[in-house]
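Written out as C-alpha cells, the structure is:
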C-alpha cells in the first residue's frame with residue numbers, strides 16, 4: 060500500500076534533523092508540500108540558525124519537491140501564528156501537522 064500526499068501540505072516541527080528530518084523527507088517523497096520548522100539551536104537552547112532547516116528544504120527541492128523553512132518556536136503563540144500564516148500564504152492549506160519538536164533546555 061502506498062500513501063500519496065500529492066497536493067497536501069504538511070508542517071513538521073523540529074524537522075532540521077533526526078526523526079523530524081526523516082518525516083519531512085518522507086512526506087516530500089510521497090508528494091506533499093512540506094514546511095520544515097526548526098529553531099536551529101543547540102540542545103542547550105543556545106544559538107539559533109536556519110541552516111539545518113534550509114538544508115532539508117534544499118534536499119527536498121533538489122529532488123523535485125516543494126518545501127519552505129520556518130524558524131518559529133512552537134512554544135510561542137505569535138511564532139506559531141506566523142508559521143501558520145506563512146504556510147497558508149505559500150501553499151493555501153494545512154492538512155497534516157507532525158508535532159515532533161523537542162524541548163530545549
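Residue numbers (the numbering used here): 60 to 164. Beta carbons are placed, not taken as given, at the ideal position from N, Cα and C, and that holds for glycine.
The Cβ atoms of residue 157 and residue 71 sit closer than 9 angstroms to each other. Within its own chain, the residues whose Cβ lies closer than 6 angstroms to the Cβ of residue 138, once the five positions on either side in sequence are excluded, are 131 and 132, listed in chain order.
Closest in alpha carbon position to residue 63, among 155, 159 and 145, is 155. Residue 126 and residue 146 have their alpha carbons spaced roughly 10 angstroms apart. A check of alpha carbon separations from residue 65 across 113, 91 and 110 identifies 91 as the nearest. In the three-state reduction of the DSSP assignment, residue 67 falls in the coil class, being assigned neither a helical nor a strand state. The alpha-carbon separation between residue 111 and residue 86 amounts to approximately 17 angstroms.
Assigned with DSSP and collapsed to three states, residue 94 falls in strand. Partner residues in the beta bridge of residue 129, as assigned by DSSP, are 96.
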